[in-house]
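Just so you know, the protein sequences line up as chains A and B, in that order.
Using our numbering, count along the first sequence one by one with no gaps and you end on 355.
Using our numbering, count along the second sequence one by one with no gaps and you end on 355.
For every residue, glycine included, the Cβ atom is placed at its ideal position computed from N, Cα and C.
What follows is a set of notes on a single structure, which appears directly below.
There are 2 protein chains.
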Amino acid sequence: MTVSRALKPGSLVNEQTRARILSAAEELGYVLDSTASSLRSQKTDFVAVTIPSINNANFADTVGALNEGLKARGLQILLGYTNYDMQEEERLIEQLLRRKPQAIVVTGGKHTPRTRRMLENATVPVIETWDLPDTPINHVIGFSNAQAVQAMVDHVVSKGLTRIAFIGGDTDRDTRGLDRRRGFVAAMERHGLDATRLVAAGPPPISMREGADAMDHLLDTDPDTEAVICVSDLSAFGALSACQRRGTRVPEEISIAGFGNYEVGSICVPSITTIDPSPRKIGQQAAELLCEILDQGALFPVRREIIPQLVIRESTR
Amino acid sequence: MTVSRALKPGSLVNEQTRARILSAAEELGYVLDSTASSLRSQKTDFVAVTIPSINNANFADTVGALNEGLKARGLQILLGYTNYDMQEEERLIEQLLRRKPQAIVVTGGKHTPRTRRMLENATVPVIETWDLPDTPINHVIGFSNAQAVQAMVDHVVSKGLTRIAFIGGDTDRDTRGLDRRRGFVAAMERHGLDATRLVAAGPPPISMREGADAMDHLLDTDPDTEAVICVSDLSAFGALSACQRRGTRVPEEISIAGFGNYEVGSICVPSITTIDPSPRKIGQQAAELLCEILDQGALFPVRREIIPQLVIRESTR
DNA sequence: ATGAAAGCGCTAACAA
DNA sequence: TTGTTAGCGCTTTCAT
């Protein structure tokens, strides 16, 4: 017990004793076994986090901010990737729950029924992010992807453009991408405009290459298109590059908008009009909420809406 | 014991009994406690992985490939970020070791003395990646950053360019970035060229914004520069964008090269000449090596050199 | 195919 | 300030 105390900062041990213990530990190369510690104290200090892909700057920002907010409390993130696949998410969450995390943060508000049940039965706080589901499992910190794109459509329409296309993925794997497309269609119909210029650019998540190919295709089949709204800045940048290769001037001949406020869109020439969903803010708020809950016990389910900001740049006129 | 067996696929339990157990488990919302399981069996099925930053597509690719290679064996990655800081790495590795991972994969071959000691004393395989240290701790899968950049200098010089600059970070936080700058200087001196056009663009990791600012500065102070080699494709893209804003033609007036083969460099116009260090290959090979070791027990220390490929594109003439 | 006993390495609770 | 006891929830081992 004295050793156990000596190794835990802030517990009452004679300083000489502690010094002797620490030096012995150093000499022996002793490393505390937190597996045993977790079992006994029923505290793992894990927070399970799932994101669709590790290779996405937006989700990386959320996880980075979450990590910073949790580090001070000694909480370690246990990260998993669903590969935009709800079945994979189910497998992953089952695995993660076995590790007895003290909280769970998932991306998105759509899950398999079994995933939902597992999360509902989990005795720890659950936070859904990057979405605003109608019937949350527990806590939510997110925004409406559909509504955000509607704001973008409104902006483009306000500039007098009417022949507007949407570039996105071709399946429903990426539910947030799907919501964005739905928002596009809804807004176009609200304006009484043709909402059928939908380019399906391949299996989500689509990136720069797919955006470039989609733009090439669009300019071939619908050369009178005046504006393109893309499911992300990455595909928007690809679309912009395709225009540059063809000599189509942006925004003079065609406007391009993206989503996500990725760095590339702020640097490229012309810079890309986008929507900033504040990924770091999502992570920060999730960390704050978890710290509150872990301090004060469970609260009522929290629903925090992030308001995505329209960022108008050079690629739209 | 029967319950324990029933929940573990491939063990001998009467199928009726197993069915009853599984349905009871489902009904109760029972979740196996892998903390207890790990303590008893002394197998956590964790692999600890450290990378400098979560928000970097190269490291993300390595981790993604590693994850895929380990998933089949039920190994879960325990990921930590050092923020390009060796002190932070030390804290992180100490934390991770307490979780009793079955292997450790770190980025880079330079560590604090204490980190080195901890890793040497760890009784599990250690793999250093993304580097080729002279005195590895245990296993290594990586490449020489300095040598890779030398190849790039050779290429640029072979095109008849002599006034060549390097854009990188301004401190030694990013040791791979530092190695790249060293490689630049060594190669320039080998060619008998002036190696003093070194632009320090801010604290590493530098990204697109810093690359753009550095290029602006360079074109102001050394307008006769013929080529710029950047520490990464991200800063190279920033540099390219700065040129486009100023109307400096690339590659006619100035050549630009990067490092890392990020997607942006393959899509932008002009596309960016780069070096591809095959980040996924590093992750795949690390996974293979770990699987071998976990099957067959410890081997001699392995040293696998990845040969980075020069990818010549439009931004250099 | 199932069960009984023991113990993995810690720490909560209580005692001195 | 230090020590004793017990037990966290599993799985290894051996027995039936």
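Work out the CA separation of I267 of chain A and I202 of chain A for me, nearest whole Å. Here residue 202 of chain A is taken as the residue at index 164 of the first sequence, counted from 1. Here residue 267 of chain A is taken as the residue at index 229 of the first sequence, counted from 1. Their backbone Cα atoms lie some 7 Å apart in a straight line.
For D314 of chain A, report the span of its beta strand (DSSP E) as first-last. Position 276 of the first sequence, counted from the first residue, corresponds to residue 314 of chain A. First-last of the beta strand (DSSP E) with D314 of chain A: T312 to D314.
From which residue to which residue does the alpha helix (DSSP H) around E229 of chain B run? Position 191 of the second sequence, counted from the start, is the residue given in the question as residue 229 of chain B. According to the sequence displayed, residue 229 of chain B carries His and not Glu. From DSSP, H229 of chain B is part of no alpha helix (DSSP H); its letter is neither H nor E.
Does DSSP put E352 of chain A in a helix, a strand or coil? Reading the first sequence from its first residue, position 314 is the one you call residue 352 of chain A. Of the three classes helix, strand and coil, the one that applies to E352 of chain A here is coil, per DSSP.
What I want to know is whether the C-beta of L348 of chain B ends up closer than 7 Å to one or more non-hydrogen atoms of the ligand MG. Ligands displayed in this structure: none; no statement on the ligand MG is therefore possible.
Report the three-state DSSP secondary structure of T173 of chain A (helix, strand or coil). Residue 173 of chain A sits at position 135 when you count from the first residue of the first sequence. Coil at T173 of chain A, not helix or strand.
Which residues does DSSP list as the beta-bridge partners of E166 of chain A? On the first sequence, residue 166 of chain A is found 128 positions in, with the first residue counted as 1. In the DSSP output, where bridge partners are listed per residue, E166 of chain A has A:V144 and A:V178.
Out of B:A184, B:P163 and B:A252, which has the shortest C-alpha to C-alpha gap to N176 of chain B? What you label residue 176 of chain B is simply residue 138 of the second sequence in a count that begins at 1. The shortest Cα separation from N176 of chain B among B:A184, B:P163 and B:A252 belongs to B:P163.
What first and last residue would you give for the beta strand (DSSP E) that runs through L327 of chain A? Here residue 327 of chain A is taken as the residue at index 289 of the first sequence, counted from 1. Counting along the chain, L327 of chain A falls outside any beta strand (DSSP E), though it belongs to the alpha helix (DSSP H) covering P317 to Q334.
Give a yes or no on whether the C-beta atoms belonging to K319 of chain A and I344 of chain A are separated by under 8 Å. The residue you call residue 319 of chain A lines up with position 281 of the first sequence. The residue you call residue 344 of chain A lines up with position 306 of the first sequence. It is a contact, given that the beta carbons lie within the stated cut-off.
With burial defined as no fewer than 16 other Cβ atoms inside 10 Å of the residue's Cβ, what is the status of E166 of chain B: buried or exposed? Sequence index remark: in the second sequence, residue 166 of chain B carries index 128 (1-based). So E166 of chain B ends up on the buried side.
Please report how far the alpha carbon of A250 of chain B lies from the alpha carbon of A95 of chain A, in whole angstroms. The count along the second sequence starts at 1 and reaches residue 250 of chain B at position 212. The count along the first sequence starts at 1 and reaches residue 95 of chain A at position 57. Their backbone Cα atoms lie some 20 Å apart in a straight line.
Using CA coordinates, which residue listed in A:I131, A:R137 and A:G206 is at the minimum distance from R155 of chain A? Locating residue 155 of chain A in the first sequence gives position 117, counting from the first residue. The option with the nearest alpha carbon to R155 of chain A is A:I131.
Report yes or no: is there a C-beta of chain B within less than 8 Å of the C-beta of N176 of chain A? Position 138 of the first sequence, counted from the start, is the residue given in the question as residue 176 of chain A. N176 of chain A does not count as touching chain B.
With H, G and I counted as helix, E and B as strand and the rest as coil, what does DSSP make of G206 of chain B? As a first step, residue 206 of chain B must be located in the second sequence, where it is residue number 168. Strand.
Would you report the Cα separation of F181 of chain B and Q188 of chain B, rounded to the nearest angstrom? Here residue 181 of chain B is taken as the residue at index 143 of the second sequence, counted from 1. Here residue 188 of chain B is taken as the residue at index 150 of the second sequence, counted from 1. C-alpha separation (whole angstroms): 13 Å.
Where do the N-terminal and C-terminal ends of the alpha helix (DSSP H) with V340 of chain A fall, by residue? The residue labelled residue 340 of chain A in the question sits at position 302 within the first sequence. Per DSSP, V340 of chain A belongs to no alpha helix (DSSP H) and is neither H nor E.
Tell me whether Q80 of chain B sits in a helix, a strand or coil according to DSSP, three-state version. Start at 1 with the first residue of the second sequence, and residue 80 of chain B comes out as number 42. Coil at Q80 of chain B, not helix or strand.
Using a Cβ cut-off of 8 Å (strictly closer), state whether Q133 of chain A contacts chain B. Numbered from its first residue, the first sequence carries residue 133 of chain A at position 95. With 8 Å as the cut-off, Q133 of chain A counts as an interface residue toward chain B.
When you compare each of B:N121, B:R355 and B:Q114 to G118 of chain A by their alpha carbons, which one comes out closest? What you label residue 118 of chain A is simply residue 80 of the first sequence in a count that begins at 1. Of the candidates B:N121, B:R355 and B:Q114, the one whose C-alpha sits nearest the C-alpha of G118 of chain A is B:Q114.
Assuming N183 of chain B contacts R129 of chain B (C-beta within less than 8 Å), just tell me the rounded distance between them. Numbered from its first residue, the second sequence carries residue 183 of chain B at position 145. Numbered from its first residue, the second sequence carries residue 129 of chain B at position 91. With a Cβ gap of about 25 Å, N183 of chain B and R129 of chain B do not count as contacting.
Please name the residue in A:T161, A:P171 and A:E248 whose C-alpha comes closest to that of F204 of chain A. Position 166 of the first sequence, counted from the start, is the residue given in the question as residue 204 of chain A. Closest option to F204 of chain A, Cα to Cα, is A:E248.
Chain B contact residues for L70 of chain A, given Cβ-Cβ distances below 8 Å: Within the first sequence, numbered from 1, the residue matching residue 70 of chain A stands at position 32. Correct list: R136.
Option in B:D232, B:P308, B:Q133 and B:L104 with minimal Cα separation from P289 of chain B: Within the second sequence, numbered from 1, the residue matching residue 289 of chain B stands at position 251. Comparing Cα positions, the closest option is B:P308.
Compute the Euclidean distance between the alpha carbons of T234 of chain A and A277 of chain A, then round it to the nearest angstrom. Within the first sequence, numbered from 1, the residue matching residue 234 of chain A stands at position 196. Within the first sequence, numbered from 1, the residue matching residue 277 of chain A stands at position 239. When rounded, the distance between both Cα atoms is 19 Å.
Option nearest N159 of chain B by Cα separation, candidates A:G67, A:L50 and A:P47: As a working mapping, residue 159 of chain B is identified with position 121 in the second sequence. The residue with the shortest Cα to Cα distance from N159 of chain B is A:G67.
Please decide whether M253 of chain B counts as near chain A, where near means a Cβ-Cβ distance under 8 Å. Here residue 253 of chain B refers to the residue found at position 215 when the second sequence is read from its first residue. Taking Cβ atoms only, chain A never reaches closer than 8 Å to M253 of chain B, which makes this a no.
Residue span of the beta strand (DSSP E) that contains G118 of chain B, given as start and end: Locating residue 118 of chain B in the second sequence gives position 80, counting from the first residue. Run containing G118 of chain B: Q114 to Y119, per the beta strand (DSSP E) assignment.
Using only the alpha-carbon positions, how far apart do S91 of chain A and T120 of chain A sit? In the first sequence, residue 91 of chain A corresponds to position 53, counting from 1. In the first sequence, residue 120 of chain A corresponds to position 82, counting from 1. Cα to Cα, the separation comes out at about 7 Å.
Going residue by residue through the region 249-296 of chain B, where are the continuous alpha helix (DSSP H) segments of at least 4 residues, counting only ones entirely within it? 271-284
Any idea what DSSP makes of L70 of chain B, helix, strand or coil? The residue labelled residue 70 of chain B in the question sits at position 32 within the second sequence. If DSSP states are grouped into helix, strand and coil, L70 of chain B belongs with coil.
Beta carbon proximity, Y119 of chain A to chain B, threshold 8 Å: Locating residue 119 of chain A in the first sequence gives position 81, where the first residue counts as 1. Closer than 8 Å to some Cβ of chain B, the Cβ of Y119 of chain A qualifies, so yes.
CB-CB under 7 Å to D314 of chain B, same chain, minus the five flanking residues each way: which ones, in chain order? As a first step, residue 314 of chain B must be located in the second sequence, where it is residue number 276. Cβ neighbours of D314 of chain B beyond the five flanking positions: N299, P346, Q347 and V349.
Shortest alpha-carbon distance to E272 of chain B belongs to which of A:Q322, A:I142 and A:V302? Start at 1 with the first residue of the second sequence, and residue 272 of chain B comes out as number 234. Reading the sequence as shown, one finds Leu at residue 272 of chain B and not Glu. Here the closest residue by C-alpha is A:V302.
Return the residue from the list A:G230, A:S270, A:F84 and A:I142 that minimises the CA-CA distance to I310 of chain A. Within the first sequence, numbered from 1, the residue matching residue 310 of chain A stands at position 272. It is A:S270 whose Cα lies nearest to the Cα of I310 of chain A.
Verify the CB distance criterion: does I244 of chain B have a CB-CB separation below 8 Å to chain A? The count along the second sequence starts at 1 and reaches residue 244 of chain B at position 206. Cβ-Cβ to chain A under 8 Å: no for I244 of chain B.
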